[in-house]
Amino acid sequence: MDVAEIRDQIPGLRFGVYLNTGGVGQAPASVSQAITAGYRLMADGRLSPIDWYEAMSKAASEIPAKIADFFGADSTEIALTMSTGDGFGMVLGGLRWEPGDEVLITSEEHPVPLQAVQGLADREGAVIKEVELDHGKDVILERVERAITPRTRLICFSHVTTDSGTLLPAGEICALARARGILTLWDGCQAVGQLPVDLHGMGCDFYATNCYKWLLAPIGTGFLYVRRDVQQALKPLRRPHDPSASARQYEMGSPASVLYLGVGASLDFMTCIGGPRAIAAEASRKAEGLWARLDAIPGVQVVSSRRPETRSGIVTFAIAGMEGDEVSTALRQRWQIVQRGTYMTDPTGVRISVAFYTSDAELDTLVEAVTTLAGEAKR
Ligand SMILES: Cc1ncc(COP(=O)(O)O)c(C=O)c1O
Numbered sequence: 027m028d029v030a031e032i033r034d035q036i037p038g039l040r041f042g043v044y045l046n047t048g049g050v051g052q053a054p055a056s057v058s059q060a061i062t063a064g065y066r067l068m069a070d071g072r073l074s075p076i077d078w079y080e081a082m083s084k085a086a087s088e089i090p091a092k093i094a095d096f097f098g099a100d101s102t103e104i105a106l107t108m109s110t111g112d113g114f115g116m117v118l119g120g121l122r123w124e125p126g127d128e129v130l131i132t133s134e135e136h137p138v139p140l141q142a143v144q145g146l147a148d149r150e151g152a153v154i155k156e157v158e159l160d161h162g163k164d165v166i167l168e169r170v171e172r173a174i175t176p177r178t179r180l181i182c183f184s185h186v187t188t189d190s191g192t193l194l195p196a197g198e199i200c201a202l203a204r205a206r207g208i209l210t211l212w213d214g215c216q217a218v219g220q221l222p223v224d225l226h227g228m229g230c231d232f233y234a235t236n237c238y239k240w241l242l243a244p245i246g247t248g249f250l251y252v253r254r255d256v257q258q259a260l261k262p263l264r265r266p267h268d269p270s271a272s273a274r275q276y277e278m279g280s281p282a283s284v285l286y287l288g289v290g291a292s293l294d295f296m297t298c299i300g301g302p303r304a305i306a307a308e309a310s311r312k313a314e315g316l317w318a319r320l321d322a323i324p325g326v327q328v329v330s331s332r333r334p335e336t337r338s339g340i341v342t343f344a345i346a347g348m349e350g351d352e353v354s355t356a357l358r359q360r361w362q363i364v365q366r367g368t369y370m371t372d373p374t375g376v377r378i379s380v381a382f383y384t385s386d387a388e389l390d391t392l393v394e395a396v397t398t399l400a401g402e403a404k405r
């Protein structure tokens with residue numbers, strides 16, 4: 027992969043050190059061009075607004091098939107959403123619940139899915155049970171098994187967690203759940219575009235994500251995967267259920283069609299530069315190198331997993347004697363390094379998103395800055 031050449035296609039990377047793809051990804055020029063070209067068809071008067079609406083709706087109607095191809099699903103299993111939270115609402119609101127039904131979450135869920143599950147508990151009397159994360163895959167599986175009771179209805183986990191970037195053994199958890207008649211809903215937004223995700227291979231029931239992080243597409247776009255068989259059980263929130271219709275029945279009203287042209291362009295871009303496996307391999311190599319360099323700095327603790335089975339491109343570290351936010355602010359103000367502080371890791375730290383497009387020079391700047399800060403920190 028020729029990273030220098032790829033970086034030339036991503037204009038935002040020219041400005042400073044960008045290590046927050048887990049916050050918002052840097053879109054290639056082709057994404058903004060696709061959206062702008064779509065919008066101009068109407069704004070320049072080439073199409074009347076109503077013809078434009080129809081043209082954009084038709085173009086967006088091709089996106090579920092494209093997403094399905096990229097993520098190993100069938101096009102009838104993909105609904106277009108605005109966000110991860112939007113997909114969570116469709117699932118949690120569309121299933122039938124009994125008071126006392128149990129939902130398992132991990133100890134490191136982002137506020138959006140967490141609040142969605144808390145809302146379910148509030149409305150339906152569901153009980154939330156937390157599974158403590160670990161770097162060991164077998165420990166995670168054992169804890170999940172131990173947390174399951176006859177009342178467990180849903181396992182609702184991040185595929186890759188937001189603060190420490192722990193990759194969960196999703197396929198094994200889905201198999202374990204399926205064997206017990208438990209449904210699985212995954213928050214995929216730190217995984218899609220970062221790692222190869224094969225939805226049929228994984229065996230999940232529901233998978234919700236946005237497209238604006240590692241998928242490098244616009245904010246306001248996302249998708250929800252609903253496995254064909256569970257479409258019988260999931261009712262649309264805002265319209266009658268048609269078990270024979272596609273997952274697009276879970277949407278309501280007119281989607282931001284023109285933005286999905288950006289999703290199509292980002293998927294084309296990713297395919298063009300080598301596809302999910304090559305992308306993951308490039309980021310993984312760099313993340314592993316960064317892990318080792320940060321770990322070698324006195325006073326620095328890397329809190330992300332280094333084990334191949336649970337690590338990802340997110341490398342989170344802490345500096346002894348400093349709060350995560352303090353380190354994050356100093357990196358931003360003194361070295362113009364964009365990243366973010368973590369609050370769910372113990373100790374709190376800084377989350378570095380290592381993407382395929384991250385340059386060696388960016389990582390060198392980071393390591394130098396962290397060395398300076400760790401040297402200055404009162405221990
Ligand atoms: C793991 C995780 N889930 C959910 C979200 C929020 O997703 P959305 O804004 O698409 O609802 C984020 C955003 O940072 C996240 O990291």
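Note that the sequence shown covers residues 27 to 405 in my numbering. Note that CB positions come from ideal geometry on N, CA and C, so glycine has one too.
*Excluding the five sequence neighbours on either side, which residues of its own chain have a C-beta within less than 7 Å of the C-beta of I32, listed in chain order?*
If you number the sequence shown from 1, residue 32 lands on position 6. Correct list, in chain order: I299, Y383.
*Rounded C-beta distance between G375 and A346? I'm assuming under 8 Å.*
Here residue 375 corresponds to residue number 349 of the sequence shown, with the count starting at 1. Here residue 346 corresponds to residue number 320 of the sequence shown, with the count starting at 1. With 8 Å as the limit, G375 and A346 do not qualify as a contact, their Cβ atoms being about 11 Å apart.
*Relative to the C-alpha of F97, which residue among H161, G214, C200, V186 is closest?*
As a working mapping, residue 97 is identified with position 71 in the sequence shown. When only C-alpha atoms are compared, the closest one is G214.
*Which stretch, first to last residue, makes up the alpha helix (DSSP H) that contains I61?*
Position 35 of the sequence shown holds residue 61. Where I61 is concerned, the enclosing alpha helix (DSSP H) stretches over 55 to 69.
_Contact under 9 Å by Cβ, Y276 with A105_ = Sequence index remark: in the sequence shown, residue 276 carries index 250 (1-based). Sequence index remark: in the sequence shown, residue 105 carries index 79 (1-based). Yes, Cβ-Cβ distance for Y276 and A105 is below 9 Å.
*Hey, quick one: how far does the beta strand (DSSP E) through V341 stretch, first residue to last?*
Residue mapping note: residue 341 aligns to position 315 of the sequence shown, counting from 1. That run of the beta strand (DSSP E) goes 340 to 345.
*Can you pull every residue whose C-beta falls closer than 6 Å to some heavy atom of ligand 1, listed in chain order?*
S109, T110, G111, H136, V138, P139, S184, T188, D213, C215, Q216, N236, G248
*asked:* Going by DSSP in three states, W240 sits in which element: helix, strand or coil?
replied: Translated into positions along the sequence shown, residue 240 becomes position 214. It is coil, neither helix nor strand.
_Under 9 Å between C-beta atoms of L287 and A94_ = In the sequence shown, the residue the question calls residue 287 occupies position 261. In the sequence shown, the residue the question calls residue 94 occupies position 68. The answer is no: Cβ separation not under 9 Å.
*Pull up the distance between the alpha-carbon of L293 and that of E402, whole angstroms please.*
Position 267 of the sequence shown holds residue 293. Position 376 of the sequence shown holds residue 402. Roughly 44 Å separates the two Cα atoms.
*asked:* Does the contact criterion of 3 or more C-beta pairs under 8 Å hold for the segment 308 to 323 versus the segment 388 to 401?
replied: Cβ pair count under 8 Å is three or more, so yes.
*Quick one: give me the first and last residue of the alpha helix (DSSP H) that F295 is part of.*
Counted from its first residue, the sequence shown places residue 295 at position 269. Secondary structure note for F295: its alpha helix (DSSP H) is the uninterrupted segment 283 to 298.
_7 Å Cβ shell around D410 - same chain, five flanking residues per side excluded_ = For the chain, the structure presents residues 27 to 405; residue 410 sits outside this window and is missing.
_Nearest-angstrom Cα separation, counted from V252 out to V393_ = The count along the sequence shown starts at 1 and reaches residue 393 at position 367. The count along the sequence shown starts at 1 and reaches residue 252 at position 226. Cα to Cα, V393 sits roughly 42 Å from V252.
*What are the complete alpha helix (DSSP H) segments, minimum 4 residues, inside the segment 113 to 185?*
137 to 150, 163 to 173
*Could you check what DSSP says for V396 in three-state terms: helix, strand or coil?*
Here residue 396 refers to the residue found at position 370 of the sequence shown. Helix, per DSSP.
_For a quick check, are the C-beta atoms of Y238 and G51 less than 9 Å apart?_
Start at 1 with the first residue of the sequence shown, and residue 238 comes out as number 212. Start at 1 with the first residue of the sequence shown, and residue 51 comes out as number 25. Yes. Within cutoff.
_Host beta strand (DSSP E) of G323 (start-end)_ = Here residue 323 corresponds to residue number 297 of the sequence shown, with the count starting at 1. First, the residue type needs correcting, since residue 323 is Ile and not Gly in the sequence shown. Premise fails: I323 is in no beta strand (DSSP E) and is neither H nor E.
*Where do the N-terminal and C-terminal ends of the alpha helix (DSSP H) with S101 fall, by residue?*
Numbered from 1 along the sequence shown, position 75 holds the residue referred to as residue 101. Unbroken run through S101: none, as it is neither H nor E.
*Round the Cβ separation of T188 and H136 to the nearest angstrom and send it over; I've been treating them as touching at under 8 Å.*
On the sequence shown, position 162 is the one that residue 188 refers to. On the sequence shown, position 110 is the one that residue 136 refers to. About 4 Å separates the CB atoms of T188 and H136; that is less than 8 Å, so the two are in contact.
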